[in-house]
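The opening position of the sequence shown corresponds to residue 27 in the working numbering, with each subsequent residue numbered one higher.
Backbone N, C-alpha and C fix where the C-beta goes; we use that ideal spot for every residue, glycine too.
This report refers to the structure that appears directly beneath it.
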Amino acid sequence: MPVPETVLPPGQAASNTSLRALLHGLPGVDEVGARARAADLSTRSIKTAAKARAIDLAVGMIDLTTLEGADTPGKVRALSAKAMRPDPADPTVPPAAAVCVYSDLVATAAEALAGSGVKVASVATAFPAGRAPLEAKLADTRRAVADGAAEIDMVIDRGAFLAGDYRAVHDEITAVKEACGGAHLKVILETGELATYDNVRRASWLAILAGADFIKTSTGKVAPSATLPVTLVMLEAVRDHFADTGRRVGVKPAGGIRTTKDALKYLVLVNEVAGDGWLDADHFRLGASSLLNDLLMQRTRLSTGTYYGPDYYTLD
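Now the structure itself:
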């Protein structure tokens with residue numbers, strides 16, 4: 027599918043009319059076909075040697091996350107320790123990709139992870155609902171970056187998007203991207219509230235064209251969260267954008283990915299839909315915390331033949 031062309035010269039804001047024409051000019055999604063292809067790919071078997079490599083790949087793609095009102099500095103430090111050394115008994119286990127926290131705990135995570143290579147991510151922009159003035163969202167973003175966040179996960183204004191005010195969504199993403207400075211921006215679409223696959227495709231393109239470094243399925247606070255067919259639609263968008271522009275945007279499914287079997291299905295989907303250029307933590311992430319212990323259990327079983335229960339590993 028060809029990349030949508032911007033209507034106005036670079037540096038000028040697109041009108042809502044031009045954005046509507048662009049986004050509604052995209053081919054419609056064959057929902058039955060998307061579900062069928064995702065279901066077919068989810069049945070692919072992986073040989074034992076490849077499975078071991080895939081498990082390590084998945085571990086290194088996890089954004090280990092705590093986003094609860096009861097979060098404490100101690101919990102963030104413990105989560106950071108687990109991200110750096112997921113299995114204290116096995117130093118060959120790779121570290122997680124990032125630790126994701128609320129903006130007021132970024133400084134704690136940054137101190138705990140200093141020099142480790144594990145990134146600090148922060149949900150900003152009034153996560154998870156996104157209902158706040160733009161000035162507050164930008165201030166939250168700037169504070170998180172100043173405190174050490176290398177990645178910002180923002181939520182789009184779903185109300186504006188569903189009302190057809192695409193310029194408001196586009197301009198807000200652009201403003202947050204500018205406030206990020208050198209930090210990467212992950213744009214959360216909250217696909218469970220977008221109602222249709224066509225809307226998922228439009229929101230994906232809108233975020234990409236506004237400057238997103240990653241597009242992310244969901245906050246994990248709304249059902250359904252990540253699904254294979256929705257992720258397939260998003261992967262198609264980043265693939266087509268890369269084919270026409272050379273800019274590779276990442277994808278992050280988040281919420282509901284709990285088992286090794288789930289994670290491997292997503293890796294197969296990435297490889298088959300977007301290609302192996304997305305099979306690294308710079309271009310694909312898994313927003314999951316409970317997943318990590320299952321990956322560790324399966325990894326130990328493959329390497330030793332012994333299956334340890336979840337109580338053997340630290341709780342997240």
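For the region 133 to 146 against the region 156 to 168, are there 3 or more C-beta pairs whose distance is under 8 Å? no
Unbroken stretches of the alpha helix (DSSP H), 4 residues or longer, contained in the region 29 to 83: 42 to 50 and 57 to 67
Where the beta strand (DSSP E) through residue 124 begins and ends: Note, residue 124: beta strand (DSSP E), 124 to 128.
Is the beta carbon of residue 125 sitting closer than 7 Å to the one on residue 321? no
How far does the beta strand (DSSP E) with residue 89 in it extend, from its first residue to its last? 88 to 91
Taking only the alpha-carbon atoms, compute the straight-line gap between residue 147 and residue 178 and give it to the nearest angstrom. 6 Å
If contacts are defined as beta-carbon pairs under 8 Å, then residue 184 and residue 160 qualify, I think. What distance do you get, rounded to the angstrom? About 15 Å; that fails the 8 Å criterion.
Do you know offhand how far residue 188's Cα is from residue 319's? 37 Å
Expressed to the nearest angstrom, what Euclidean distance is found between the alpha-carbon atoms of residue 36 and residue 83? For residue 36, the predicted model reports a pLDDT of 42, less than 50, meaning its position is unreliable; a value from the coordinates is still stated below. Those two C-alpha atoms are separated by around 37 Å.
Residues in the same chain with beta-carbon distance under 6 Å from residue 260, minus the five sequence neighbours each way, listed in chain order, please. 230, 241 and 277
In its own chain, which residues sit with a C-beta less than 7 Å from the C-beta of residue 87, not counting the 5 before and 5 after it? Within the same chain, 123, 307, 310, 311 and 312 come within 7 Å of residue 87 by CB-CB distance, once the 5 residues on both sides are set aside.
Could you say if the region 274 to 291 and the region 106 to 120 meet the contact criterion of at least three C-beta pairs nearer than 8 Å? The answer is no - the region 106 to 120 does not touch the region 274 to 291, with fewer than three Cβ pairs under 8 Å.
Rounded C-alpha distance that separates residue 34 from residue 193: Confidence at residue 34 is low in this model, with a pLDDT of 43, below 50, so its placement is unreliable and no value can be given for it.
Terminal residues of the continuous beta strand (DSSP E) containing residue 177? 177 to 181
Here's a check: name, in chain order, each residue in its chain whose Cβ is nearer than 8 Å to the Cβ of residue 141, leaving out the five neighbours to either side. Beyond the five residues adjoining it in sequence on each side, residue 141 comes within less than 8 Å, by CB distance, of no other residue in the same chain.
Going by C-alpha to C-alpha distance, which of 210, 99 and 198 sits closest to residue 131? When only C-alpha atoms are compared, the closest one is 99.
Proximity of residue 70 and residue 294 at Cβ, strictly below 7 Å: Yes, these two residues count as a Cβ contact at 7 Å.
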